[in-house]
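Position one of the sequence shown corresponds to residue 10 (this note's numbering), numbered consecutively onward.
Beta carbons are placed, not taken as given, at the ideal position from N, Cα and C, and that holds for glycine.
Note that this is a predicted model, so its numbers are computed, not measured.
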Amino acid sequence: MKLIRFGEAGKEKTGVIINDQRYDTSAFGEDYNEQFFETDGLTRLADFVRSSNLLKVSDDMRLGSPLARPSKIVCIGLNYIDHARETNATPPPEPVIFMKSTTAMVGPNDDIMIPKDSVKTDWEVELAVVIGKKASYVDEAEAMDYVAGYVLHNDVSEREFQLERSGTWDKGKGCDTFAPLGPFLATTDEISDPHNLRLWLKLNGKVMQDGNTSNFIFNIPHLIAYTSRFMTLLPGDIISTGTPAGVGLGMKPNLYLKPGDVIELGVEGLGTATQKLIPYAKN
């Protein structure tokens, strides 16, 4: 299945995509959240979809994040050798883990707001993995059994905050609007091989990133097993698997985002998204 959430920000309804048509599943009565995944919601939703006469949803309707706010967004840094090299970083001997604030989540085509005082806002197209059941000290051989699905993610980053302000990377990663997700969550049966997916990103029509998940340093089973040693992953949690080369930080000279810029990005099998950059404005 392909899961969507649609409507006004903060008031999204649930839906699915069937044969490229959006349908409303709000009568199912549950959001796509931790409880949904924990209680075998995907199976129950599939039964509901088969037995219901679903209403169509207009393609003009805004899409939100395809899952409700999870307990955490875990991100993996430097997981492509070409990206590590372009940023003058040594490919890591173990996965680099950092956290991204869940308040950064927005819809796939929502605006990205450049933070106050930011001069180094950057882009990162990524494949994100959605956890389907509680995972703690998972064996790598069983790790894929814990995956509910996959989603397109732009791991927007403020490089000065991330790298030049001392401490951890997190403060350059969790700014408002810095985690556009979607357009949809694809369940595992929709993606035959998550380790061979093309992912790409354009800035103002120019291709900046064009990579493939076959170039992971650490594959998805390893990332799930490794992360679960250090924290319990709950149903609906996200692991974002890193970005290939082509980010603004890696360019000579560096290239960063400014108001009016337009980003287009996609992952094979997971759709595409378009995001416009806007200046900081206090909520």
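Hey, how far is the Cα of residue i from the Cα of residue j?
i    : j    : result
E199 : M70  : 24 Å
T186 : T130 : 12 Å
G278 : R94  : 28 Å
Y89  : N221 : 9 Å
P244 : F227 : 22 Å
P230 : K65  : 37 Å
Q44  : D91  : 38 Å
T99  : V276 : 26 Å
F293 : H204 : In this structure the chain extends from 10 to 292, so residue 293 is not present and cannot be described.
Y289 : M260 : 25 Å
D49  : S61  : 19 Å
K20  : A36  : 15 Å
K267 : I121 : 10 Å
S175 : S74  : 31 Å
N292 : R78  : 19 Å
Judging by CA-CA distance, which residue of the options is the nearest neighbour of residue i?
i    : options                   : result
F57  : T23, L194 and I90         : T23
N213 : L286, P79 and L190        : L286
F107 : T177, K142 and E135       : T177
P124 : F46, Y159 and E169        : E169
M217 : N263, E167, F239 and D202 : N263
L210 : T99, V128, A18 and T283   : T283
Y146 : S127, Y235, T112 and G19  : Y235
E151 : D219, L63, I140 and L161  : I140
T5   : L208, E173, A188 and M260 : The requested residue 5 is not part of the displayed model; the chain covers only 10 to 292.
N163 : K215, S67, L274 and S61   : L274
D202 : G255, G158 and T34        : G158
M153 : L54, V165 and V138        : V138
D119 : M240, E17 and P253        : E17
F15  : E47, P79 and D68          : D68
Span of the alpha helix (DSSP H) holding residue i?
i    : result
R53  : G50 to S60
E169 : It is not in any alpha helix (DSSP H) - E169 carries neither H nor E in the DSSP assignment.
E47  : E43 to E47
Y32  : Unbroken run through Y32 is the beta strand (DSSP E), Q30 to D33; no alpha helix (DSSP H).
Y159 : No alpha helix (DSSP H) contains Y159, which is instead part of the beta strand (DSSP E) from V156 to N163.
L274 : Element bounds for L274: not the alpha helix (DSSP H) but the beta strand (DSSP E), V271 to V276.
A144 : Looking at the DSSP string, A144 is not in any alpha helix (DSSP H), and its letter there is neither H nor E.
L232 : I229 to T236
A36  : Note, A36: premise wrong, no alpha helix (DSSP H); not H, not E.
Residue i and residue j: beta carbons closer than 9 Å?
i    : j    : result
L76  : P117 : no
L136 : S249 : yes
G251 : I85  : yes
L51  : T196 : yes
I247 : I82  : yes
T281 : L194 : no
E173 : V256 : no
Ignore the nearest five residues each way along the sequence and tell me which others in residue i's own chain have a CB closer than 6 Å to its CB.
i    : result
A144 : Y155, S237 and L242
V293 : This structure leaves residue 293 out entirely; the chain is present only between 10 and 292.
R207 : N221 and E277
Excluding the 5 residues preceding and the 5 following residue i in the sequence, name in chain order all residues of the same chain whose CB lies nearer than 7 Å to its CB.
i    : result
D179 : F107 and M108
L258 : T96, D131 and R168
Q30  : K65
V128 : E169 and Y265
E149 : P230, H231 and A234
Quick check on the DSSP output: the beta strand (DSSP E) that includes residue i runs from which residue to which?
i    : result
T252 : No beta strand (DSSP E) holds T252; DSSP gives it neither H nor E.
D219 : K215 to N221
R207 : R207 to L212
I90  : No beta strand (DSSP E) contains I90, which is instead part of the alpha helix (DSSP H) from I90 to E95.
V83  : I82 to G86
Is any heavy atom of the ligand COA found at a distance shorter than 8 Å from the C-beta of residue i?
i   : result
G38 : No copy of the ligand COA appears in this structure; indeed no ligand is present at all.
Near residue i, which residues of its chain fall below 8 Å by C-beta distance, leaving aside the five closest residues on each side in sequence?
i    : result
L87  : A93, T96, A98, P100, P101, V105, I226 and G251
Y32  : G24, V25, I26, V58, L63, L64, K65 and V66
G183 : M108, K109, S110, T112 and A113
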